[in-house]
Amino acid sequence: MERKTITLEQKKNIGRDTSQDQCGNKIDLKEMTVLPVTNKTKIYENDWTFSRTIKCPELPVLHIRIPRKRVALNCKTEIPVFEISETIQPDDIFEIAHDDPCLTKFIDNCCSDGKPVPYVVHFIWFMYREFDFFNFLSFMSVVRFVRPCLILIHGDFVPYGRYWHRFTMTFPYVILVRRSPKLTIYGKRVEFIEHLSDIMRIEILKDYGGIYLDYDEVVLRSLEPLRIYNYVQGYELPNQLGSQLIMAKRNATFLQLWYDSYKNYSKEWLYNALEVPAMLASQHPELIHIDGYNFTRPSWQNMTWIFNRNYNWATNYAMHSYARMFVKEYPNRKVDLMSIRYLNTTIGSISRHVLFGSKELCYNETKSN
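Residues in the sequence shown are numbered from 1 upward in steps of one, following this note's numbering.
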């Protein structure tokens, strides 16, 4: 199949215009994408009663199109470049080793614009698992509000399932960075898979910089104002910094201090992941920008605010959806592309905000007939 190569000179529109790829490729992403706009959230934006309804658009992602676009890196050139081809396989994702200098060189040359945090988003994905609605919502929120140069999935498998297929049809700039979790750190065995992920996210941001997200963290507005800082986190609880969303310059000093804290690795669930960065922040406030609670409100202590009531998230940059807790607590409750139209809860409103461009409840045309 014909391949199109993108040169360094074509990178001027990085992260800016979803009508073309972030290195200037001629592919028209409007044909694939994606996300309708209903005056964003300006419709009743100051009204959080959800007493009105609007006509919500049909999502293009409901219709899977084959073939789809596939992105690869050509590492044989002096400056790595994108190559675009077509594929019919949802799991046909370009792979690269985590220690391949080609990826770092590409990010530095094609995903950076002079600000400390490059336009690249990182997720961690261990094991062969289905990509569910909450994962889809998280990734789509990145497409709408971050518009990254690349989404990098770090792990040993590509996700699968209908939502994964829909996402890759929507946004082709996805690469699998193949790596396995480190089972030890500073000679100590890591006890929990969650701790493996905690350590890997620090390593990822040290290596590449960018924006790390948990795969159920939902971005709710542009993170652009925060890209001026070398390192950004938000509080989860007092004396705990959440790691669901981290923004960092490559090799940020705070990251190394945090990583070195694992010389005193503790089996205690939250110590190294949440409490240590809060302590480091109090010791080195010049190395970190803390954006209040704007990445995690409501916290896990108030999870019912997400699934059983409406929460005013107007000042949030993002929200953690606590998908695993939801599945455990509400095994029979459906959250999908159709149910969110009428779901009068926080998870319903943020889903509509991301996917439809408005938080408001959808007008139920079926009931009106």
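No residue lacks a Cβ here, since even glycine has one placed at the ideal position from N, Cα and C.
- Residue state for residue 171 is assigned as coil, using DSSP reduced to three classes.
- As for any beta strand (DSSP E) of minimum length 3 sitting wholly inside the segment 183-217, the runs are 210-213, ordered along the chain.
- Leaving aside the five residues that flank residue 298 on each side, the residues in its chain whose CB is nearer than 7 Å to its CB run, in chain order, 305, 306, 311.
- Per DSSP, the continuous alpha helix (DSSP H) segment holding residue 258 begins and ends at 253-260.
- Following the DSSP letters along the chain, one finds residue 328 inside the alpha helix (DSSP H) bounded by residues 323-329.
- Around the beta carbon of residue 284, fewer than 16 other beta carbons lie within 10 angstroms, which makes this residue exposed.
- Annotation: residue 228 to residue 137 spans about 26 Å, alpha carbon to alpha carbon.
- CA-CA distance, residue 242 to residue 300, rounds to 11 Å.
- Looking at 347, 102, 290, 188, the one whose alpha-carbon comes closest to that of residue 76 is 102.
- DSSP, reduced to helix, strand and coil, places residue 303 outside both helices and strands of the structure shown, so it counts as coil.
- Under DSSP, residue 69 takes part in a beta bridge, and its partners are 86.
- In the DSSP assignment, residue 140 falls within the alpha helix (DSSP H) that extends over 133-145.
- For residue 176, the three-state secondary structure derived from DSSP is strand.
- With fewer than 16 other Cβ atoms from the protein chains shown falling within 10 Å of its own Cβ, residue 183 counts as exposed.
- The DSSP-derived three-state label of residue 53 is strand.
- In this structure, 159 is the residue among 165, 171, 159 with its C-alpha nearest to the C-alpha of residue 178.
- The continuous stretches of beta strand (DSSP E) do not include residue 348, which lies in the alpha helix (DSSP H) extending over residues 346-356.
- A straight line joining the alpha-carbon of residue 274 with that of residue 329 spans about 24 Å.
- A residue is called buried once 16 or more other Cβ atoms fall within 10 Å of its Cβ, and residue 364, having fewer, is exposed.
- Residue 273 sits in a helix when the DSSP states are folded into three classes.
- Listed in chain order, the non-local C-beta contacts of residue 72 below 6 Å within the same chain comprise 83, 94, local neighbours out to five positions each way being set aside.
- Contact holds between the segment 124-136 and the segment 330-337, because three or more Cβ pairs, one in each stretch, are under 8 Å apart.
- Here the segment 155-169 makes no contact with the segment 184-196; the two share fewer than three CB pairs at distances below 8 Å.
- Beta-bridge partners assigned by DSSP to residue 74: 81.
- The C-beta distance from residue 120 to residue 148 rounds to 6 Å, short enough to meet the 8 Å contact threshold.
- In the DSSP assignment, residue 288 falls outside any alpha helix (DSSP H), carrying neither H nor E.
- The C-beta of residue 51 has fewer than 16 other C-beta atoms within 10 Å across all chains shown, which makes the residue exposed.
- Here the segment 216-231 lies against the segment 239-257, with 3 or more beta-carbon pairs under 8 Å apart.
- Around residue 215, the same chain offers 123, 135, 138 as residues with beta carbons nearer than 6 Å, after the five sequence neighbours per side are excluded.
- A residue is called buried once 16 or more other Cβ atoms fall within 10 Å of its Cβ, and residue 128, having fewer, is exposed.
- Between residue 240 and residue 270, the beta carbon gap of about 7 Å places them in contact (Cβ cut-off 8 Å).
- When the Cα atoms are used, residue 281 and residue 292 turn out to be separated by approximately 13 Å.
- Under DSSP, residue 235 forms a beta bridge with 241.
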